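Trainee: This is the structure I have questions about; it appears just below.
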Ligand code: ARG
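In the working numbering, the protein residues as written are 95 to 587.
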């Protein structure tokens, strides 16, 4: 269709297969049809084509919309779906009428617009799943604000915390992912149509009208930038990559905590698999794959950045190769968040082991040092040294932290400060009491049940607000789509 002017010979079949984006283009089918509908309506309103021609084109496009992508002949020698749609319209009308569809537009502005339209919906789907995951984390946390578990640094027991505090930590991170994706949505919410190849057109088109017909927020302000930039896609891919990094960290801990070595949670059977040879195995396969998918989504981003980094203005076919990575990032993140949300909903904490691990790791050591500061008037650095010495001594003698005694304190303080430091037995016991230790950390953001409940309230409020924005955006998209189709149908009669 395109070559009959400039060329005499067809493209080499291998080359034409190689450069075709047909395989990946089904994804943007509805967006491309919508853009063609909007563009045609605008052309007619501006009297660039006649009402009659517009009616015939709109009829064809409407029919194509009804039939779906299956209505198209997607042979690679057409290069891409834009040509396939044009071919469909020309066949349904005739060359003279259908050939007018391409007035004042190019595949360059059309594809840049189609990616944005398709991406908007994809991002909303991802957000929805991520919000489900946050809700699942919050629901599990609500049942476990008293479940003491060890908090780790360097993967060594550090200080006591609660299972709910840990869950909320992940929930906050994932909510920030949603926030980042909201901003990526906003970056994609502008319309390149009218940019044509790169320099616009002298036809008296109305770019703002197309923006409204397609439900975009604004016009892309520079026509060259409109066709050549993909930073909106990079922004989406980086927000998705960060989201996957956060999901992967959660997945990693689920795998760790469910191992026999930690034994702090039970993963649901529905989300685990066994081995074909080792009959005892219960493998955290969903978590493992979520961890792996993060690698892919990171790879998509770095691949896309590499495609863009030395690209001259304006449109280059390199851009075509970036798009499938974008869709892969959207799909992997959406699916990973969805399955992790279901999995989290069925995780069972093992409260007793959690507590035992916290005790066994001297998780209360910091608290004991703090008590020495409060009760014995020591400088923190001295208290730190004394407790360190107490722990070293107990460990050497194979004693558990609960068995730290007044004698340990006496000996350690003599060694470190050359004087005796006193606590009553009651004070020492209290300092080592994990529940007490948690209860006194009721500062904002802390692990005390009261403080965590406050965090969970914040999370729930945030989920609600973000869901509100999400649904408003969805409604706006649907409204514009319905209106566009109705308008096209009316005009096509
Ligand atoms: N298939 C192309 C893409 O996905 C559409 C634009 C092609 N433009 C061109 N001048 N060949 O980016």
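C-beta atoms are modelled at their ideal positions from N, C-alpha and C, and glycine is treated no differently. Computed from a predicted structure; not experimentally measured.
Does at least one heavy atom of the ligand ARG sit under 7 Å from the Cβ of residue 407?
Mentor: no
Trainee: Between 474, 401, 383, 440, which lies nearest to residue 589 when the distance is taken from Cα to Cα?
Mentor: Limits of the chain in this structure are 95 at one end and 587 at the other, which puts residue 589 out of reach.
Trainee: What separation, rounded to the nearest whole angstrom, lies between the Cα atoms of residue 582 and residue 146?
Mentor: 13 Å
Trainee: Hey, could you find the ends of the beta strand (DSSP E) residue 480 is sitting in?
Mentor: Run containing residue 480: none in the beta strand (DSSP E); it sits in the alpha helix (DSSP H), 474-490.
Trainee: Compute every distance between the C-beta of residue 201 and the non-hydrogen atoms of the ligand ARG, then say whether any falls below 7 Å.
Mentor: yes
Trainee: Nearest to residue 339 by CA position, among 113, 304, 393, is which residue?
Mentor: 393
Trainee: Within 10 angstroms of its Cβ, does residue 304 collect 16 or more other Cβ (buried), or is it exposed?
Mentor: So residue 304 ends up on the buried side.
Trainee: Cβ of residue 417 versus every heavy atom of the ligand ARG: is any distance shorter than 7 Å?
Mentor: Yes.
Trainee: Measuring CA to CA, which of 423, 504, 399, 424 is closest to residue 412?
Mentor: 399
Trainee: Quick check on the burial criterion: 16 or more other C-beta atoms within 10 angstroms. Buried or exposed for residue 195?
Mentor: Residue burial is scored here from C-beta neighbours: residue 195 has at least 16 other C-beta atoms within 10 angstroms and is therefore classed as buried.
Trainee: Note down, one range per segment and in chain order, each alpha helix (DSSP H) of at least 4 residues found wholly within the stretch 415-470.
Mentor: 445-454, 459-470
Trainee: What does residue 247 pair with, by DSSP beta-bridge criteria?
Mentor: 250
Trainee: Does the ligand ARG have a heavy atom nearer than 7 Å to the CB of residue 172?
Mentor: Not one heavy atom of the ligand ARG lies closer than 7 Å to the C-beta of residue 172.
Trainee: Exposed or buried, residue 378, counting other C-beta atoms within 10 Å across all chains shown (16 or more means buried)?
Mentor: buried
Trainee: Any chance you could list the beta strand (DSSP E) runs of at least 3 consecutive residues sitting entirely within the stretch 360-409, in chain order?
Mentor: none
Trainee: What does DSSP give as the partner residue(s) for residue 284 in the beta ladder?
Mentor: 312
Trainee: Looking only at its own chain, which residues have a Cβ that is under 8 Å from the Cβ of residue 256, when we skip the five neighbours before and after it?
Mentor: 238, 239, 240, 241, 242, 243, 532, 541, 543, 546
Trainee: Assign residue 113 to one of three DSSP states: helix, strand, or coil.
Mentor: helix
Trainee: Would you say the beta carbon of residue 96 comes nearer than 7 Å to a heavy atom of the ligand ARG?
Mentor: no
Trainee: Leaving aside the five residues before and after residue 478 along the sequence, list all residues of the same chain whose C-beta is less than 8 Å from its C-beta, in chain order.
Mentor: Here the set comprises 463.
Trainee: At a threshold of 7 Å, does residue 401 count as lining the ligand ARG (C-beta to nearest heavy atom)?
Mentor: no
Trainee: Tell me the residue span of the alpha helix (DSSP H) that contains residue 135.
Mentor: 123-139
Trainee: Compute every distance between the C-beta of residue 176 and the non-hydrogen atoms of the ligand ARG, then say whether any falls below 7 Å.
Mentor: yes
Trainee: Taking the alpha helix (DSSP H) that residue 177 belongs to, which residues open and close that run?
Mentor: In the DSSP assignment, residue 177 falls within the alpha helix (DSSP H) that extends over 175-186.
Trainee: Could you compute how far the alpha carbon of residue 484 sits from the alpha carbon of residue 506?
Mentor: 6 Å
Trainee: Using DSSP with H/G/I as helix, E/B as strand and the rest coil, what is residue 256?
Mentor: strand
Trainee: Using a Cβ-Cβ cut-off of 7 Å (strictly less than) and excluding sequence neighbours within five positions of residue 267, which residues of its own chain qualify?
Mentor: 340.
Trainee: Whole angstroms are fine: how far does the CA of residue 152 sit from the CA of residue 166?
Mentor: 16 Å
Trainee: If we ignore side chains and look at the alpha-carbon of each, how far apart do residue 205 and residue 448 end up?
Mentor: Between residue 205 and residue 448, the alpha-carbon positions lie close to 53 Å from each other.
Trainee: Would you check whether the ligand ARG has a heavy atom nearer than 7 Å to the C-beta of residue 163?
Mentor: Because no heavy atom of the ligand ARG lies under 7 Å away, the Cβ of residue 163 does not count as near it: no.
Trainee: Would the stretch 250-264 and the stretch 279-286 be scored as touching if the rule is three or more Cβ pairs under 8 Å?
Mentor: no
Trainee: Report whether the distance from the Cβ of residue 125 to the nearest heavy atom of the ligand ARG is below 7 Å.
Mentor: no
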